[in-house]
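A.B. asks: Here it is: the structure, laid out below.
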Amino acid sequence: MKAHLTRRYMFSASHRLHSDEMPEEQNRAVYGKCNNPFGHGHNYVVEITVSGPVDERTGMVCNLVDLDGFVHQRVLERYDHQNLNVIQEFTKQVPTTENLCIAIYEIVQRGFRKAHLERVRIEETMMNSFEYLGEM
Amino acid sequence: MVYLTRKAEFSASHYYHNPEFTADENARIFGKCNNPNGHGHNYTLEVTVKGAVDPKSGFVVDLKQLKDTMNKEVLDSLDHRFLNKEVPEFFTRIPTTENIAIAIWQRLAPKLKTAQLHRVRVYETPDLFVDFYGEA
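As they're listed, the protein sequences go chains A and B.
Taken in order, the first sequence gives residues 1 to 136; the numbers are from our numbering.
Taken in order, the second sequence gives residues 1 to 136; the numbers are from our numbering.
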């Protein structure tokens, strides 16, 4: 039987929303406080949902040790206590939480083989959350 | 179609062990969860039902009935129990969060009369939960 398993992780990072394709004034108008040149930070909560048949021998969709190990090594190590703007994927793309969702989805989708990735959901603050389910 | 979710909490102990595995395999696969004396969690259960809104009552389902069914079919048997030793489903199946969600679905689905069961979500901890939608 197929079940969905969701694990929540946390990391803290800074970013600045700014697009080189827009003049300064437009950046300020579009991004407001998020355009502050010195950046600002968030405690991001990342929810990774994977799915698959429940293995009859283990009772599991996938072993949490494998999922935790992958996410710690490939996602949290990459983003925790970093400035997102200087990380390769955000040198040409604005590090909005939308783009962060897509970037994390692609890391897990490409590298994690033990279960099917369903969804990446990120809470930027308690008030904002974003979800990416892959290209529909 | 409207979806309605009711939450409940139960506290129970469990351990993970497959008698078909060797002691080493059990220890490797299940780690700390293999301790035969068991350990416990405060589980949060979310039951989501769906249905048309009854034009007379304005309800998808009578919440009192749903609450009573959840108490009678699930919480009375699982709350403050050692799942492996006291709940028949887990005499042969490992009481992982996946299997707990499936067992709760199987207990509730045949007992719900007016609304249809949509999802059973079980939180083992605030950062780990499983969703079961009744999929084969």
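Here a beta-carbon is modelled for each residue, glycine too, at the ideal position from N, C-alpha and C.
These numbers were taken from a predicted model, which means no experiment stands behind them.
Could you say which of B:Leu108, B:His41, B:Pro126 and B:Lys32 lies nearest to B:Arg6 if we only look at CA atoms?
C.D. replies: Ranking B:Leu108, B:His41, B:Pro126 and B:Lys32 by Cα distance to B:Arg6 puts B:Leu108 first.
A.B. asks: Per DSSP, B:Val74 forms a beta bridge with which residues?
C.D. replies: The partner list for B:Val74 (beta bridge, DSSP) is empty, contrary to what the question assumes.
A.B. asks: Residues of chain A with CB closer than 7 Å to the CB of B:Gly31, please, in chain order.
C.D. replies: What B:Gly31 touches in chain A: Val65.
A.B. asks: Quick check on this structure: which residue in A:Leu84, A:Thr58 and A:Ile48 has the alpha carbon closest to the alpha carbon of A:His72?
C.D. replies: Per the Cα distances, A:Ile48.
A.B. asks: Quick check: the region 46-65 of chain B against the region 22-32 of chain B, are there 3 or more CB pairs under 8 Å?
C.D. replies: The region 46-65 of chain B is not in contact with the region 22-32 of chain B.
A.B. asks: Could you give the uninterrupted runs of the alpha helix (DSSP H) lying entirely in the region 92-120 of chain A, keeping only those of 4 residues or more?
C.D. replies: Within the region 92-120 of chain A, the complete alpha helix (DSSP H) runs of at least 4 residues are 97-111.
A.B. asks: Note the first and the last residue of the continuous alpha helix (DSSP H) segment covering B:Arg28.
C.D. replies: Counting along the chain, the alpha helix (DSSP H) containing B:Arg28 begins and ends at Ala23 to Phe30.
A.B. asks: Report the CB separation of B:Ser11 from B:Asn42 in whole angstroms; it is logged as a contact under 8 Å.
C.D. replies: Sure, about 5 Å apart at Cβ, within 8 Å.
A.B. asks: Is any beta-carbon of chain B found at less than 8 Å from that of A:Met1?
C.D. replies: For A:Met1, the answer is yes, since a Cβ of chain B falls inside 8 Å of its Cβ.
A.B. asks: Just confirm the distance between the C-beta atoms of B:Ala115 and B:Val49, as a whole number of angstroms; I'd bet it's less than 8 Å.
C.D. replies: Right, their Cβ atoms sit about 4 Å apart.
A.B. asks: Pull up the distance between the alpha-carbon of B:Val130 and that of A:Val94, whole angstroms please.
C.D. replies: Cα to Cα, the separation comes out at about 33 Å.
A.B. asks: Which partner residues of A:Phe130 appear in the DSSP bridge assignment?
C.D. replies: Paired residue(s): A:Ile122.
A.B. asks: Applying a beta-carbon distance threshold of less than 8 Å, which residues of chain A neighbour B:Asp24?
C.D. replies: The contacting residues do not exist; B:Asp24 stays about 15 Å from chain A at best.
A.B. asks: Is the separation between the beta-carbon of B:Val120 and that of B:Ile94 shorter than 8 Å?
C.D. replies: In this structure, B:Ile94 does not lie closer than 8 Å to B:Val120 by Cβ.
A.B. asks: Strictly by DSSP, which residues pair up with A:Gln82?
C.D. replies: Answer by DSSP bridge pairing, in chain order: A:Ala13.
A.B. asks: Going along the chain, which residues of its own chain have a beta-carbon closer than 6 Å to the beta-carbon of A:Phe130, five neighbours each way excluded?
C.D. replies: Here the set comprises Thr97, Glu98, Cys101 and Ile122.
A.B. asks: Given a cut-off of 8 Å, decide if A:Val45 and A:Met1 are closer than it, judged by their beta-carbon atoms.
C.D. replies: For A:Met1 and A:Val45, no; Cβs fall outside 8 Å.
A.B. asks: Could you list which residues in chain B have their beta carbon closer than 7 Å to that of A:Met60, in chain order?
C.D. replies: The contacting residues are Thr96 and Glu98.
A.B. asks: Write down the C-beta distance between A:Cys62 and A:Val75 rounded to the nearest angstrom, noting that I regard them as a contact closer than 8 Å.
C.D. replies: Actually they are not in contact, since the Cβ atoms of A:Cys62 and A:Val75 sit about 16 Å apart, beyond 8 Å.
A.B. asks: So which residues on chain A does B:Arg6 lean against when the C-beta distance must stay under 8 Å?
C.D. replies: Under the 8 Å cutoff, chain A gives no residues; its nearest Cβ is about 19 Å from B:Arg6.
A.B. asks: Taking 8 Å as the limit between beta carbons, can you name the residues of its chain near B:Asn35, skipping five residues before and five after?
C.D. replies: Result list for B:Asn35: Tyr15, in chain order.
A.B. asks: Which residues, taken in chain order from the region 96-126 of chain B, show a beta carbon closer than 8 Å to some beta carbon of chain A?
C.D. replies: Residues Thr96, Thr97, Glu98, Asn99, Ala101, Ile102 and Pro126.
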